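Read the structure below first, then the notes.
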Amino acid sequence: MANHAYGLSEIVGTSPEGIESAINNAVSRAGSTVRNLDWFEVQGIRGQLDGDKVVHWQVTVKVGFRIDE
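Residue numbers (the numbering used here): 2 to 70.
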């Protein structure tokens with residue numbers, strides 16, 4: 002395995018459908034502007050309530066990307 006240097010970026014993905022969808026939205030959006038994405042790590046989960054129902058999810062995600070040589 003070659004030596005690499007990585008950058009980190011923290012982003013928040015949202016979705017009314019659930020946590021996995023919010024993560025996918027965050028990673029997909031990051032992938033459209035950041036090259037060489039390699040991994041993600043969930044940092045936090047929040048939700049919006051309407052009365053006693055969860056209506057929206059927010060997931061804070063750190064993404065790691067390889068820095069070009």
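We put the CB at the ideal spot given by N, CA and C, even for glycine.
Every value quoted in this text rests on a predicted model; they were computed, and no experiment measured them.
Own chain, CB closer than 7 Å to residue i, minus 5 neighbours either side, in chain order
i: T61; result: E11, V13, Q44, G45
Contact belief for residue i with residue j at Cβ below 8 Å, rounded distance in angstroms
i: W58; j: A23; result: 5 Å
i: A6; j: I68; result: 5 Å
Where residue i sits in the DSSP three-state scheme
i: R67; result: strand
i: V28; result: helix
i: S22; result: helix
Own chain residues within Cβ distance below 8 Å of residue i, not counting five before or after
i: V55; result: G48, Q49
i: G32; result: L38
Residue i versus residue j - alpha carbon distance
i: K63; j: G52; result: 30 Å
i: N25; j: T34; result: 15 Å
For residue i: DSSP bridge partner residues
i: G8; result: F66
Close Cβ partners of residue i (< 6 Å) along its chain, the five nearest in sequence each way excluded
i: F41; result: V28, V62, V64
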